[in-house]
Amino acid sequence: MNPFDSEYHTLMKKIMAEGKYKSDRTGTGTYSIFGYQMRFDMQDGFPLLTTKKVLFRLLATELIWFMRGDTNIRFLLQHNNNIWNEWAFKNWVESEEYEGPDMSDFGIRAQQNSDFREVYEKEMETFKSRILEDDDFANKYGDLGNVYGRQWRAWEGPDGSFTDQLKNVVNSIRNNPDSRRHIVTAWNPAEIDTMALPPCHAFFQFYVNEGKLSLQLYQRSGDVFLGVPFNIASYALLLKLVARECNLEAHEFIHTLGDAHIYSNHVDAVEKQLSRDGFKPPEIKINGDRSMFDLEYEDLEVVNYESHSYIKAPIAV
Numbered sequence: 676m677n678p679f680d681s682e683y684h685t686l687m688k689k690i691m692a693e694g695k696y697k698s699d700r701t702g703t704g705t706y707s708i709f710g711y712q713m714r715f716d717m718q719d720g721f722p723l724l725t726t727k728k729v730l731f732r733l734l735a736t737e738l739i740w741f742m743r744g745d746t747n748i749r750f751l752l753q754h755n756n757n758i759w760n761e762w763a764f765k766n767w768v769e770s771e772e773y774e775g776p777d778m779s780d781f782g783i784r785a786q787q788n789s790d791f792r793e794v795y796e797k798e799m800e801t802f803k804s805r806i807l808e809d810d811d812f813a814n815k816y817g818d819l820g821n822v823y824g825r826q827w828r829a830w831e832g833p834d835g836s837f838t839d840q841l842k843n844v845v846n847s848i849r850n851n852p853d854s855r856r857h858i859v860t861a862w863n864p865a866e867i868d869t870m871a872l873p874p875c876h877a878f879f880q881f882y883v884n885e886g887k888l889s890l891q892l893y894q895r896s897g898d899v900f901l902g903v904p905f906n907i908a909s910y911a912l913l914l915k916l917v918a919r920e921c922n923l924e925a926h927e928f929i930h931t932l933g934d935a936h937i938y939s940n941h942v943d944a945v946e947k948q949l950s951r952d953g954f955k956p957p958e959i960k961i962n963g964d965r966s967m968f969d970l971e972y973e974d975l976e977v978v979n980y981e982s983h984s985y986i987k988a989p990i991a992v
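Taking our numbering, the leading residue of the sequence shown gets 676, the next gets one more, and so forth.
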């Protein structure tokens, strides 16, 4: 097995063996450990897992969305990316303007009742169409509040001024590489209540040594089966983009997790993945000479990605 899949499988095995059962805000329940670190050497390739298919298009367009400072799901839907839909949909169906069928606890109910799932899927398709076609509706119900992109590119200080953390950290790496302050934080305590989902991947720091750039992420909460594979590849891609922007070599992505958990309804899917062996990891090419701040998805190319099939599991909202 390649070192990336092996590192990730070790985490899943530890949670399955040692994780303590905990209740959670979604009502699903998790098996959880606290405090765990994985290391991924970018010299070994790109850490897109191979023991199940991970859709690079989804994580890449989400990262571009973050880097643009966007917080509205319209951009994601325009790129056929549905990973944030449920949180925006929740805001819509809980609003006073919504007059459709009862959508309370839609995530769990859609798993348990096929008749309700049909109704839910129809309502979701209507919602997505309105986001794409109706500017006013999209502005009101497509926006997720002050989530990642807002914090990365327009952190608001107590005096009302705005800080572009991402541009600042690139300039800091270029001009003062030995600094210990190459930091971007999405955790803004004053604005947590304005976010559809408080940031899970909350804080990251760059480190420069001998012409090589490393990145460490602190993730307060990690859905290990569904979310963490995306987080690994997303921040590895961010590392490559920033290294390229600063004329450095991408070295190591270090992923530090706080509450690392497997949802109780993901256990069978985890066991299926753990039964698989991996393939050689792929490479990522960044084509053209566009700055990371002007990047388009079409500038990115995954080379030689071979994987096992995708494994479906329900998302907890």
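By construction, the Cβ of each residue, glycine as well, lies at the ideal position given by its N, Cα and C atoms.
**Q.** Coarse secondary structure for histidine 941, derived from DSSP in three states
**A.** helix
**Q.** Contact belief for leucine 914 with phenylalanine 928 at Cβ below 8 angstroms, rounded distance in angstroms
**A.** 5 angstroms
Q: Quick one: residues in its chain with C-beta nearer than 7 angstroms to the C-beta of tryptophan 830, no 5 flanking neighbours on either side, listed in chain order?
A: Phe837, Thr838, Gln840, Asn863
Q | Cβ neighbours of leucine 752 in the same chain (closer than 7 angstroms, five flanking residues each side left out) | A | Lys803, Ile806, Leu807
Q: Give the DSSP-derived three-state secondary structure of aspartate 719 in the structure shown.
A: helix
Q) What whole-angstrom Cβ distance do proline 874 and glycine 720 have, given they're in contact under 8 angstroms? A) Not quite, the Cβ-Cβ distance comes to about 28 angstroms (not below 8 angstroms), so this is no contact.
Q: Return the residue from the list Ile758, Leu892, Arg749, Lys728 that minimises the CA-CA distance to aspartate 811.
A: Arg749
Q) Do alanine 925 and asparagine 766 have their C-beta atoms closer together than 9 angstroms? A) no
Q: Within 10 angstroms of the Cβ of alanine 735, are there 16 or more other Cβ atoms? Answer buried if so, exposed if not.
A: buried
Q) Going straight from the alpha carbon of proline 852 to that of glutamine 891, what length do you get? A) 15 angstroms
**Q.** Boundaries (first-last residue) of the beta strand (DSSP E) holding glutamate 958
**A.** 958-961
(Q) I'd like the list of long-range same chain contacts for asparagine 747, defined as Cβ closer than 6 angstroms, with 5 residues on each side in sequence excluded. (A) Gly817, Asp818
**Q.** Residues sharing a beta bridge with asparagine 884, DSSP
**A.** Lys887
Q: Count the other CB atoms, across all protein chains shown, that sit within 10 Å of the CB of threonine 801; report buried if there are 16 or more and exposed otherwise.
A: exposed
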